[in-house]
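Residue numbers (this note's numbering): 896 to 1179.
No residue lacks a Cβ here, since even glycine has one placed at the ideal position from N, Cα and C.
A quick write-up on the structure given underneath.
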Ligand code: NAP
C-alpha cells in the first residue's frame, strides 16, 4: 500500500512556520491583493479560503470583486492600482476569467508587475522558470507539488516523470520544475498517442487534466509516485463528491506514494500562495 502524501498536514506545517516568521515583523505586514471577476461559485469559494488562510498567518489581504461584464480596460485599471500600492506585495488574479475576457487572459496577467506576480504566471516569470533564474516566482500549484516531493524525501533527479496536462497554470510549469530538478520529463496531453505506454514507464506521475479518475491503478508502474492535481466534482451514490484524475483505491495498491483528493495538492496551492507573498514581501 502506498504511503499517503498528506497535503493538508504539510500545508498546516508551512502555515505554522510562516505565522511564526510573520509574527516577529514589526510595522507593515505582508499584503496580498486578490481580484475576482464574475460569479463563478467555485472561484468565490477559493478566494474565500485564500483570504481566510492569509488571516491565519498574519498576511493582510485586499479583495476586489468585479462583475462578469467587466471590460479588459477596467480590470487592467484595478491591477495597475494594486501595482502602485505599497501595502500590496502580491497580486492574484483568480482564474478562469469570464468567457468574454478569457482569450485575453495572458495579456491581462502580463499587466501585473513581475515582482508582484504572486502566482508566477506573467510571461516574465514563466521565462525565468525556463532559464532557471534564481529569482523566478514559481506558480503556486506546481510549487506545492515540488514541496510535497521534497518534504516526503522524493528526489526526482534521474527519474522518469510523466506530466499529464500542458496548461500554463499547471502542466507546463510543473514540467519545467521537474526538469530543473533533473527528472527526465514527458509532457502528455489530449493528442498524446498511447498514454498507457507512458504510464507504465513513469517513476513519477503528475496528473493535471481535469478528467475524473482517468488513470486506473492497473495502468501505472509498480511503486510509482502519484501526484494528483485534478479536482473533479462527480455524483456518487446520490452525493456530490470530489475526486482526482487518478482512481485512488486502485492506484493506492500499486504506488509507493500518492496524494489524496481532496487533501493533497489543493491545500498546498494555498500554502504556496502565502509562501510566495511572504517571499515577495521580503524582496520589497
Ligand atoms: P486545463 O487548462 O483544462 O488543461 C487540461 C490539460 O489536460 C490540457 O493540456 C489538455 O490537453 C489535457 N487533457 C485533457 N484531457 C486529456 C486526456 N483525456 N488525456 C490527456 N490529456 C488531457 O486544466 P488545468 O487548469 O491545468 O487544471 C487541470 C486540473 O487540475 C483540473 O482538474 C483543475 O481543477 C485542477 N487544478 C487543481 C489545482 C489544485 O490546487 N489542486 C490547481 C489548479 C488546477 P490539450 O492541451 O491537448 O487540450
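- The three-state reading of DSSP puts residue 896 in coil, since its state is none of H, G, I, E or B.
- Going by beta carbons, residue 1123 and residue 1112 fall outside the 7 Å limit.
- By the C-beta criterion, the stretch 1041-1058 is judged to be in contact with the stretch 1071-1082, since at least 3 inter-stretch pairs fall below 8 Å.
- The stretch 936-954 and the stretch 906-914 touch, with three or more beta-carbon pairs separated by less than 8 Å.
- Between residue 1149 and the set 1115, 1132, 1170, 1167, the nearest pair of CA atoms involves 1115.
- For residue 1138, the enclosing beta strand (DSSP E) has its first and last residue at 1134-1138.
- With a cut-off of 6 Å, the C-beta of residue 1103 is classified as near ligand 1, since at least one heavy atom of the ligand falls inside that distance.
- In the three-state reduction of the DSSP assignment, residue 1004 falls in the helix class, which pools H, G and I.
- Under the rule that a run must span 4 or more residues, the alpha helix (DSSP H) segments found entirely inside the stretch 955-1018 read 967-979, 1000-1004.
- Between ligand 1 and residue 1164, a heavy atom-to-CB distance of less than 6 Å is present.
- For a cut-off of 8 Å, the C-beta gap from residue 1120 to residue 1099 is around 5 Å, short enough to register as a contact.
- Sequence-distant partners of residue 1106 (beyond 5 residues in either direction) whose C-beta falls short of 8 Å from its own C-beta, in its chain, are 1125, 1127, 1140.
- If you look at residue 1071, you'll find it in the alpha helix (DSSP H) that goes 1066-1075.
- Note on residue 1067: 16 or more other CB atoms within 10 angstroms of its CB, so buried under the neighbour-count rule.
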